[in-house]
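Residue numbers (the numbering used here): 5 to 561.
Positions of the beta carbon are idealized from the N, C-alpha and C atoms, including for glycine.
Read through the structure below, which is laid out as structure tokens, and then see the notes.
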């Protein structure tokens, strides 16, 4: 699976970007025939590992590019999904999935441990979730969750102390929420919240004063909201607020307090295709996409709309004209959830540029077997190869760094298994038989860390297969044939965790294939053939999950 996503990311990162000119774009469809638990899909997100997650009427679906894994409610398992009817979900800044169900509360899903934590409304606790029927979830700039419900108001949830603050409509308070049906929430760059209600129009919420200001439709006033039934809200990259309603699309210029409206016009093929706008999304190229309740999807270049709808007999058309959510994955592919499965669209029209090793060009890829990839904050792509060392790709040419016997500042091996970056932008390279390398991209200097037979604080062995870095900057290193090493970059010392035949303290194999630091600090260890281990660094205790236990768990899902 790791290889599959490397291939996908490599292909797209090396693809030229160009606009799609034709109106006859091709969609790929995914339905229950492909393993989706229900064709009614209401939301979609991508997690930090590249998996796509879909909310359906019949459970939560994870898609790895080939097949679906489905998670459902199990009445005998309190850590399972609380309800199979899922309406909305998000991925927060820690990579945690938050899932809103239609009738049974909020679910927190940790994709590493694959366990659910459930938060429900408690009639005897005014500080609990305001309602179990969740319509929307939004994470603000501070990591706070805002949860809109179908009929009962708005909840603010602090995931750190797990406390709820609730807001309701109060007929006697003009500064309260305008309606208890909260369908969408977003925050602008100034910290102000914009809340869309289904029936009460738009709310501006100032978190400093905790007061709501209302914007509603006024007959005869073209500078008012187009409709009070709001499905979706989005703040684009320029700070403009877009509002999808039951009566069309409103564009609100916050700075100048001005509304502009867009509606369906039967005499204009470049108008909005349907007035019920359910979702709004701005892609990486700055193009706006609108999902509608019956008119398919609309692509908007800020002047004209281009609509895409389902066509009978055309498997390359949109799967259904009721489009609920839109998102873009890390490859640039757009995903649309509908009433009849999922549609995905590759905006580059499946045209790819291929980069290969050219023995006559020093600027080409050094080796065709690419084993590791990392994109830094400046957009530079770093590629590790099996025998050609490290490549730096600036989207035009390649620069190559290889092992040189007469250069102590070169990398220690041309066979690179993993590339990991720390918070300072330093690249850590795990190699086959060359140990660990610290590479500074700014100075292009290399520091080697290898096994030294007479030094217990050196690397345990020189075959580094995987690396992850915890919040304190500590490196956790998976070694093929050497267990696990904990490396402190400040003291430059290694602590070893070797196999323990008894299995009481440490793991039972030295062949470690993968390592991952969870958000709670727990270390997850994938072995070559003896299952998965969980390591608590504070207690220095291991918990083992054998192949049989993992298989049994999968069967329960």
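Query, Result
"For residue 388: DSSP bridge partner residues", "376, 394"
"Exposed unless 16 or more other CB atoms sit within 10 angstroms - verdict on residue 381", "exposed"
"Three-pair Cβ contact test at 8 Å for the stretch 72–80 versus the stretch 43–52", "no"
"Whole-angstrom distance between residue 438 and residue 451, CA atom to CA atom", "12 Å"
"Beta-ladder partner(s) of residue 332, from DSSP", "338"
"Assigned exposure category for residue 289 - 16 Cβ within 10 Å defines buried", "exposed"
"8 Å contact criterion, which residue 264 and residue 277 should meet: CB distance rounded", "Between residue 277 and residue 264 the Cβ distance is about 18 Å, and since that is not below 8 Å, they are no contact."
"Environment of residue 172 [buried if 16+ CB atoms lie within 10 Å]", "exposed"
"Segment limits, beta strand (DSSP E) that includes residue 111", "110–114"
"Helix, strand or coil at residue 47 [DSSP, three-state]", "strand"
"Extent of the continuous beta strand (DSSP E) to which residue 205 belongs", "Premise fails: residue 205 is in no beta strand (DSSP E) and is neither H nor E."
"Contact set for residue 531: own chain, Cβ-Cβ below 8 Å, skip 5 residues either direction", "511, 513, 515, 516, 517, 537"
"Neighbour-count burial assignment, residue 495, 16 or more Cβ in a 10 Å radius", "exposed"
"Contact the stretch 384–399 vs the stretch 82–93: 3+ CB pairs below 8 Å", "no"
"DSSP beta-bridge partners of residue 303", "293, 310"
"Other residues of its chain near residue 6: CB distance less than 6 Å, five sequence neighbours each side excluded", "In this prediction, residue 6 has a pLDDT of 35, which is less than 50 and means its spatial position is unreliable; what the coordinates show is noted afterwards. Taken in chain order, the list of residues that qualify is empty."
"Limits of the unbroken beta strand (DSSP E) element including residue 266", "262–266"
"Local conformation of residue 367 per DSSP, three classes", "coil"
"Whether residue 285 touches residue 330 by CB criterion (8 Å)", "yes"
"Identity of the residues DSSP links to residue 499 by a beta bridge", "490"
"Nonlocal neighbours in the same chain, by C-beta distance under 6 Å from residue 405, ignoring five residues either side", "393, 394, 415"
"In DSSP terms, what residue 66 is bridged to", "57, 73"
"Reduced DSSP category for residue 37 - H, G, I as helix; E, B as strand; rest coil", "helix"
"Between the CA atoms of residue 106 and residue 124 - distance to the nearest angstrom", "12 Å"
"Close beta carbons around residue 527, own chain, < 7 Å, minus the five adjacent residues each side", "480, 519, 521, 539, 541"
"Burial state of residue 219, where buried means 16 or more other Cβ atoms lie within 10 Å", "buried"
"C-beta atoms of residue 234 and residue 188 nearer than 8 Å", "yes"
"Element boundaries [beta strand (DSSP E), containing residue 218]", "215–219"
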